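Participant:
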Amino acid sequence: MPDAPSGIIYKSLRKKRIKVNGKGQLTVPFSDGGDVLELYINDEFFEKGADNDDKWLGCDGNISVVYTDENIVVMNKPSGMKSQDSGDDADSLESEFRAYLYKRGELDLNGTYLPSLCHRIDRNTSGLVIGAKNLKAHRIITEKIKTREIKKFYICRAEGRVTPESGKLEGYILKCGNDRVKFSENRIDGAKPSALKYRVIKYEGNASVLEVELLSGRTHQIRATLAHYGHPLVGDKKYGAKSDGGGKYQSLSAYKLVFGFKSQSGGLEYLTGKEISIEANV
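Residue numbers for the sequence shown, in our numbering: 6 to 287.
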């Protein structure tokens, strides 16, 4: 892990982000074989090159930039584009982001940090994603997202007339395989807590246009939660939508970010109170 400062390693140990056989303490002895070592550490600290990191050099750098400064770029990801690379290709927002910076002279190929996304959204979801130009910004933004000091809002169109017109939906999200999750109002083994707030913006026939604020960050959280209550997103056949709604992807867009820093932000204080949004077409 050549890009990991010793302070990151020590902090990871203190925070129990390094576990041996499920236990976050190094006094656990290793056996003669079969031990499981888990590292909950950001990808950018691991050795470069193992995941075809140079593939992005062949990208055009075509991204929709909503906001940029010396530390971050906020991009509008189109539906159908992956957030990050998978396999041998570099067809992702992150690769295009790197190519964009490189062509603008803002990426040093000899640097120790490769600009990266601070979070992801589903391939078939459109909307705002934050990319960090430097390691310090990446650390701060990812931490602020984790502590909910950066609020994320979505616009979606759901089947049926959602009632009441506003509320908070809490429960648990369980990954089920086949790129699906299950929402449950009751605790189930292996599931993680989930919460979101919603409000109805308007009704359109037998559909509801909603604004949703995420209070936790779980895979397919909005899609699975609304489907559980009988209101799958228009076009989201994976979670029970009746039709494709005339579109290719589910009706969901990450349309607004609100920077509400409440603690030290290491030089990014200028972002406090900033709101970045786009017009969502769902």
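Ideal placement from N, C-alpha and C gives every residue a C-beta, glycine not left out. Here the structure is a predicted model, which is why all the values come from computation and not from measurement.
Using the rule of at least 16 other Cβ atoms within 10 Å of the residue's Cβ for burial, across every protein chain shown, is aspartate 59 buried or exposed?
Facilitator: Exposed, since its Cβ has fewer than 16 Cβ neighbours within 10 Å.
Participant: Under a Cβ-count criterion, where at least 16 other Cβ atoms within 10 Å of its own Cβ denotes burial, should asparagine 81 be classed as buried or exposed?
Facilitator: buried
Participant: Alpha carbons only, please: which of Gly172, Pro83 and Arg153 is nearest the one belonging to valine 263?
Facilitator: For the set Gly172, Pro83 and Arg153, the Cα lying nearest the Cα of valine 263 is the one of Arg153.
Participant: Are the region 139-149 and the region 205-223 touching, with three or more C-beta to C-beta distances below 8 Å?
Facilitator: The region 139-149, when compared against the region 205-223, does not touch it at the 8 Å Cβ threshold.
Participant: Looking at the structure shown, is arginine 204 part of a helix, part of a strand, or coil, going by DSSP?
Facilitator: strand
Participant: Ordered along the chain, which non-local residues of its own chain (more than five positions away) have a Cβ less than 6 Å from that of glutamate 175?
Facilitator: Closer than 6 Å at the Cβ level, and outside the excluded window around glutamate 175, lie Ala200.
Participant: Am I right that alanine 163 and alanine 212 are in contact with their C-beta atoms under 8 Å? What's the rounded C-beta distance?
Facilitator: 7 Å
Participant: Reducing DSSP to helix, strand and coil, say where threonine 147 ends up.
Facilitator: helix
Participant: What's the C-alpha gap between asparagine 76 and tyrosine 234?
Facilitator: 40 Å
Participant: Using DSSP's beta-bridge definition, name the partner residues of alanine 137.
Facilitator: Ile77 and Ser121
Participant: Quick check on the burial criterion: 16 or more other C-beta atoms within 10 angstroms. Buried or exposed for isoleucine 68?
Facilitator: buried
Participant: Under three-state DSSP, which class holds glutamate 164?
Facilitator: Strand at glutamate 164.
Participant: Tell me which same chain residues have a C-beta within less than 6 Å of the C-beta of asparagine 286, skipping the five on either side of it?
Facilitator: The answer is none, since no qualifying residue turns up.
Participant: Shortest alpha-carbon distance to lysine 151 belongs to which of Gly222, Ile178, Glu170 and Glu209?
Facilitator: Gly222
Participant: Is DSSP giving lysine 53 helix, strand or coil here?
Facilitator: Note that lysine 53 has pLDDT 48, beneath the 50 cutoff, so the model's placement of it is unreliable and the number below is only indicative. In this structure, lysine 53 counts as coil in the three-state DSSP scheme.
Participant: Apart from the five residues just before and just after tryptophan 61, which ones in its own chain have a Cβ nearer than 6 Å to its Cβ?
Facilitator: Ala95, Ser100, Arg103 and Ala104
Participant: Which residues does DSSP list as the beta-bridge partners of valine 186?
Facilitator: Lys180
Participant: Identify every residue that forms a DSSP beta bridge with isoleucine 155.
Facilitator: Phe264
Participant: Run the CB neighbour count on serine 248, radius 10 Å, all protein chains shown included, and call it buried at 16 or more, exposed below.
Facilitator: exposed
Participant: Count the other C-beta atoms from every protein chain shown that fall within 10 angstroms of the C-beta of aspartate 74, then say buried if there are 16 or more, exposed otherwise.
Facilitator: Exposed is the call here.
Participant: Short check: CB of arginine 125 to CB of serine 84, under 8 Å?
Facilitator: The Cβ-Cβ distance between arginine 125 and serine 84 does not fall below 8 Å.
Participant: Might you give, ordered along the chain, the residues of its own chain that have their beta carbon closer than 6 Å to the beta carbon of aspartate 56, omitting 5 neighbours on each side?
Facilitator: With a pLDDT of 44 at aspartate 56, under the threshold of 50, the modelled position of this residue cannot be trusted; read the value that follows with caution. If we look at aspartate 56 and ignore the five residues flanking it on each side, it has no Cβ neighbours.
Participant: Excluding the 5 residues preceding and the 5 following leucine 42 in the sequence, name in chain order all residues of the same chain whose CB lies nearer than 7 Å to its CB.
Facilitator: Val25
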